[in-house]
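In our numbering, the protein residues as written are 2 to 668. Have a look at the structure below, then the notes.
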């Protein structure tokens, strides 16, 4: 038992991979709060999954997968690794924003193709982008990250600052990056590169802003950065690349000439070693210069140059990627570049294949999440509002929601505090408003010119009830599923809620200007033959009518499962909860309380409904029954005398508006 069972030991590379993955997960968990605080939800950082040895990203979910081991193996400390993670998140943020632009995916695809086809472009782009990403990190953190960044460039990425042994087209952007991030240390480059570098640094706009500052500013879109690179930096890189290629050709030609000379000397030496007959000596032959019997003579060694291409290196096609392969590989060792091009191609492919939200839909989804409702529920609610706003009453030229709001606007206007009404011009008043006219009139002998302004007080009438409570009771019986009854009832509920909500906002803004402030309260029930649900308000009585409440109520009215019409249960509950203070306010004229009941059928207990309605009315509560279609015609007798019937369910919103106008007219 002390010995390990054969075959249970994991292969060393598997064990190492699992160990690395666990290290990456532990690192991420340790720094999770810092990363999440930095990204603020824009980029969602995650530990790299098993098997991913680099970084990767998902452009559809805005996720960045972090593998700290990849950076640790590059020799980065924990602090520098954290800086590099933030740096990579800025790379992803740039690409996210690019994909939001028109044809952004095509721009991104062309960009990736250039990265793959030209190593020179790839290195240049990475250097310029790194300046931008580092500036973004520093701007969003603090000076301690600036110190970490400088240490990263001094100790890890560019400890040596003499680039003269590097091809000139690489010297340019390496020095540009190094000097940008460690400005107090100049790099050593060839004179030609320094001339180009200084000229590039001095390009500025009319306001003095440097081109490089604009190009690498954190707020500069990636698409604009690429255009500026192509216009100002890439042509210089191409010019230097061309000169680097010419230098390499010259080196190759010199080497070829040297090789030819060496081969010529070797050929002369071979000629001296040949026999008199012009044949080469054969060490295995019996006689000097004679082949052995049965053996073929061996051919002489070809003369120098024979059988080899005669063209010069300049005649052969040049691939810079191969010509400077070693230099590019060395340059890449000095870059973090944690997300390989192949991973970016995968991310773009997935992004294109995934159905995407519009910016409006995404904003609505985020808003829905913030208030605690589903995006679908919010969308449905807003669709109902849009439908109500498009329905215009030809008599008033108002939509239904505006009609409800205007009812309260008129109420407010009647209870505003006395206002001074100006009268002008008058012979005597409080304010002199036309001194020049006064002077002219007096000179002409008119001692009572009309150049003064005075005020008179206009008292606005009104009963000045201080509170309004409106209760809507919806029908949740299954018969509401017939035709459009359920949909129109839901629309009417939305109308009531949205209209009252907007009216309350305007009323709140005028509270200090009114003789008696007006409070607007509301509550909503739905009876559905459920003992608990029938007495539990979907929206309790209060002045609050937030968007979440409105959406939740509207969603509730999408379902009407009740097997009976239990309106009496809800009405009895409203009666039972009517306290003495509320009754006192009603009797004193300080409160107007209205209960509106919607129903599409005969109540399951008409007697109980009528008893509750009668009791409520005796206490001063206005109770109105609205029958929905001819199925609800019984409401006219059950709720008499205050009852209406919407013969067409589509008339429900207009009936609600008319009822509110009628019963709030005395406010």
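Cβ coordinates follow ideal geometry from the N, Cα and C atoms, glycine included.
TODO: Can you say whether residue 641 is buried or exposed, counting buried as having 16 or more other CB atoms within 10 angstroms of its CB?
DONE: exposed
Task: residue 163, DSSP secondary structure in three states - done: strand
TODO: Go through the stretch 589-626 residue by residue and report every complete run of the beta strand (DSSP E) that reaches 3 residues or more, in order.
DONE: 592-600
Task: Backbone CA spacing between residue 202 and residue 70 [nearest angstrom] - done: 36 angstroms
TODO: Report the rounded CA-to-CA distance for residue 337 versus residue 219, giving the unit in angstroms.
DONE: 19 angstroms
- [ ] Flag residue 507 as yes if its beta-carbon sits less than 7 angstroms from any beta-carbon of chain D, otherwise no.
- [x] In the structure shown, chain D cannot be found, because there is only a single protein chain.
Task: Distance between residue 518 and residue 620 (C-alpha atoms, nearest Å) - done: 24 angstroms
Open item on the list: Using a Cβ-Cβ cutoff of less than 6 angstroms, which residues in the same chain neighbour residue 300 once the five nearest sequence positions on both sides are dropped?
Closed with: Low confidence applies to residue 300: its pLDDT is 45, below 50, so where it sits in the model is not reliable, and the reading given next is rough at best. Nothing meets the Cβ criterion.
- [ ] Let me know the secondary structure DSSP gives residue 467 once reduced to three states.
- [x] coil
TODO: Drop a sphere of 10 angstroms on the beta-carbon of residue 33, count the other beta-carbons inside from all chains shown, and report buried for 16 or more, exposed for fewer.
DONE: exposed
- [ ] Measure the alpha-carbon distance for residue 21 versus residue 74 and round it to whole angstroms.
- [x] 11 angstroms
Open item on the list: At 4 residues or longer, what runs of the alpha helix (DSSP H) sit wholly inside the stretch 494-560?
Closed with: 548-557
Open item on the list: Going by DSSP in three states, residue 631 sits in which element: helix, strand or coil?
Closed with: helix
Open item on the list: If I follow the unbroken beta strand (DSSP E) through residue 64, where does it start and stop?
Closed with: 64-67
Open item on the list: Going by DSSP in three states, residue 575 sits in which element: helix, strand or coil?
Closed with: helix
Open item on the list: Let me check one thing: in DSSP terms, what residues is residue 211 bridge-paired to?
Closed with: 205
Task: Sequence ranges, alpha helix (DSSP H) only - wholly within the stretch 323-406, length at least 4 - done: 326-334, 342-354, 360-372, 376-391
Task: Span separating the alpha-carbon of residue 200 from that of residue 194 - done: 10 angstroms
Task: Residues near residue 249 by beta carbon distance below 6 angstroms, same chain, minus five either side - done: 324
Open item on the list: In this structure, how does DSSP classify residue 675 when only helix, strand and coil are distinguished?
Closed with: There is simply no residue 675 to check, as the chain begins at 2 and stops at 668 in what is shown.
TODO: Mind the definition here: the stretch 527-546 touches the stretch 559-573 only if three or more C-beta pairs lie below 8 angstroms; say whether that holds.
DONE: yes
Task: Expected contact under 8 angstroms - CB spacing of residue 528 and residue 476 to nearest Å - done: 7 angstroms
TODO: Just tell me which of 639, 630, 372 has its CA closest to the CA of residue 624.
DONE: 639
Open item on the list: Three or more C-beta pairs under 8 angstroms: does that hold for the stretch 579-596 against the stretch 547-560?
Closed with: no
Open item on the list: Please tell me whether residue 170 and residue 241 are closer than 7 angstroms, where the distance is taken between their beta carbons.
Closed with: yes
- [ ] Can you tell me which of 58, 633, 43 puts its alpha carbon nearest to the alpha carbon of residue 343?
- [x] 58
Task: Assigned exposure category for residue 207 - 16 Cβ within 10 Å defines buried - done: exposed
Open item on the list: Would you call the stretch 49-64 in contact with the stretch 325-333, where contact means no fewer than 3 C-beta pairs closer than 8 angstroms?
Closed with: no
Task: residue 488 versus residue 100 - alpha carbon distance - done: 39 angstroms
Task: Where residue 57 sits in the DSSP three-state scheme - done: strand
Task: Backbone CA spacing between residue 49 and residue 67 [nearest angstrom] - done: 5 angstroms
Task: Simplified DSSP assignment, three categories, for residue 44 - done: coil
Task: 7 angstroms Cβ cutoff met for residue 516 and residue 416 - done: yes
Open item on the list: Can you tell me where the beta strand (DSSP E) holding residue 646 begins and where it ends?
Closed with: 644-647
- [ ] Mind checking which residues open and close the alpha helix (DSSP H) that includes residue 86?
- [x] 79-101
Open item on the list: With a threshold of 7 angstroms on Cβ separation, who are the neighbours of residue 42 within its own chain once the five nearest residues in sequence on each side are excluded?
Closed with: none
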